[in-house]
Amino acid sequence: MSTQETTEGAPGARDVRLVAPGFAELTIRPEDGCRISSLIINDLEVLRQGDRYGSFPMAPWCGRIELGQFRSFVTAPGGDDGAGRSGGARHQMPINATPHAIHGTVRDQPWRTASVDDQSASFYCDLTDPWPYRGRVTQTFELTDDALTLTMGVESRGDSFPAQAGWHPWFLRQLGPTGAPVQIAFDPAWQEERGVDHLPTGRRVEPGPGPWDDCFGMPDGVDVTLTWPTQLELTITSGARWVVVYDEQEEAVCVEPQSGPPNGLNTVPRLVTPIDPLEVSTTWRWKRF
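Numbering (the working numbering), first residue to last: 428 to 716.
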């Protein structure tokens, strides 16, 4: 059984720490975007350390939005997209990855702790400016001896709006100073062709070799295995159909399960309504060598 502790973090913040005795320790920082700041497995830290690293939630969108702009959608018979939806107002998000907006807003907000027990913790934050709709994002963490399960929900508190949710973990390329580099194994059905603006062009192509900063389609659910030879195998699964893999940095690799592709608020909008929230989960399961 896990045990839970709270420890002082940065000034004005409290970290939440879950511990599976002898196997895994998880530290969550609610005041810092509800990011995971540390995951230690068998005495090995697996996440890159630093204020912008660890693993952070992405909502109410994932990856980049083209020029930081998206359109709301209203339901109308027939619609203009063949699915009963018509384009509504255009909204501008702050540009933080020139010329685009990237990774949502909740990673920059303080979250509130809803509950903590020996094996799990739950948190929430309300969507606020610059996001133009009232809503709430929730996140739960469940730690066992050999797995971590994360679940995120996006709820509307008024009008319907398009949304996405996912996670952006930074896994260390090497575990410890003498560890071998991580190996990435997965079998996507397609790769979203990436344009010079780092956005999908709309074409699906055969998956190509790395290095990657690319989005892949896995229609049966995300399934990616990271292997640090002689040390650890960690498999990331999710019911989500898209995953971004980023391995262009020397220090870390990212495997990001998400509910839609980059710029998906514009290209494949998933409406969140007061009676139909968005929910996505991912499980990281590990095996020690």
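For each residue, glycine too, the CB sits at the ideal point set by N, CA and C. Please read these numbers as outputs of a predicted model, since none were measured by experiment.
Closest by C-alpha distance to T525, when choosing among T662, G495, T694 = For the options T662, G495, T694, the alpha carbon positioned closest to that of T525 is the one of G495.
Who are the near neighbours of E481 in its chain, counting only those whose CB is closer than 6 Å to its CB and skipping five residues on each side?
-> Before going further, note that residue 481 is Gly rather than Glu in the sequence given. Counting only Cβ-Cβ distances below 6 Å, and skipping sequence neighbours, we find R462, I463, S464, L474.
Would you identify the three-state DSSP class for G580, choosing helix, strand or coil?
-> Reduced to three states, the DSSP call for G580 is strand.
Just the Cα atoms here: how many angstroms apart are V533 and G637?
-> Those two C-alpha atoms are separated by around 30 Å.
Helix, strand or coil: how does DSSP classify R456 here?
-> In the structure shown, R456 sits in a strand (DSSP, three-state: E or B).
Beta carbon of V443, beta carbon of E452: below 8 Å?
-> It is not a contact, given that the beta carbons lie outside the stated cut-off.
CA-to-CA distance, T710 to V564, given in whole angstroms = Cα-Cα distance, rounded: 19 Å.
Who are the Cβ neighbours of T654 in its own chain at under 6 Å, not counting the five residues just before and after it?
-> Excluding residues up to 5 positions away in sequence, Q610, E660 lie with their Cβ nearer than 6 Å to the Cβ of T654 in the same chain.
Mark P484 as exposed unless 16 or more other C-beta atoms lie within 10 angstroms of its C-beta, in which case mark it buried.
-> Buried: at least 16 other Cβ atoms inside 10 Å.
Which parts of the region 530–587 are runs of the alpha helix (DSSP H), unbroken and 4 residues or longer, counting only runs that do not cross its ends?
-> If we require 4 residues or more, the region 530–587 turns out to have no alpha helix (DSSP H) run fully inside it.
Can you tell me whether A612 is buried or exposed, with buried defined as 16 or more other CB within 10 angstroms of its CB?
-> Answer is exposed; the Cβ neighbour count stays below 16.
Per-residue burial, I702 [other beta carbons within 10 Å of its own, 16 or more giving buried] = With fewer than 16 other beta carbons inside 10 angstroms of its own, I702 counts as exposed.
Tell me where the beta strand (DSSP E) around L705 begins and ends.
-> DSSP places L705 in the uninterrupted beta strand (DSSP E) bounded by 705–715.
Three-state secondary structure assigned by DSSP to V443 | V443 falls in the strand class under three-state DSSP.
Take every Cβ of the region 532–548, pair it with every Cβ of the region 618–627, and state whether three or more of those distances are shorter than 8 Å.
-> Judged by Cβ distances under 8 Å, the region 532–548 makes no contact with the region 618–627, as fewer than three pairs qualify.
Which stretch, first to last residue, makes up the alpha helix (DSSP H) that contains T694?
-> Per DSSP, T694 belongs to the alpha helix (DSSP H) from 691–694.
Cα separation between G506 and D470?
-> Residue placement at G506 cannot be trusted, given a pLDDT of 42 that sits under 50; the coordinates are not used to answer.
First and last residue of the beta strand (DSSP E) that includes H625?
-> Looking at the DSSP string, H625 is not in any beta strand (DSSP E), and its letter there is neither H nor E.
Report buried or exposed for G519, applying the criterion of at least 16 other Cβ atoms within 10 angstroms of its Cβ.
-> According to the sequence displayed, residue 519 carries Gln and not Gly. By the neighbour-count rule (16 or more Cβ atoms within 10 Å), Q519 is not buried but exposed.
P384 to Q476, Cα distance in whole Å?
-> The shown model of the chain, from 428 to 716, leaves out residue 384, and the question about it has no answer.
Kindly indicate which three-state DSSP category D508 falls into: helix, strand or coil?
-> Bear in mind that the predicted position of D508 carries a pLDDT of just 44, short of 50, making it too unreliable to give a figure here.
With DSSP collapsed to three states, give me the class of E677.
-> Three-state result, E677: coil.
At which residue ranges does the region 459–500 contain complete beta strand (DSSP E) runs of 3 or more residues, listed in the order of the chain?
-> With a minimum length of 3 residues, the continuous beta strand (DSSP E) runs that stay inside the region 459–500 are 462–468, 482–485.
Distance, Cα to Cα, R456 vs Q685?
-> Rounded to the nearest angstrom, the two C-alpha atoms are 21 Å apart.
For S549, which residues from the same chain have a beta carbon less than 6 Å from its beta carbon, with the 5 sequence-adjacent residues on both sides left out?
-> Excluding residues within five positions, the ones whose Cβ falls inside 6 Å are A541, S542, T567.
Less than 8 Å between the CB atoms is what I'm expecting for A592 and V707, so what's the real figure, rounded?
-> At roughly 5 Å, the Cβ-Cβ gap stays under 8 Å, so A592 and V707 are in contact.
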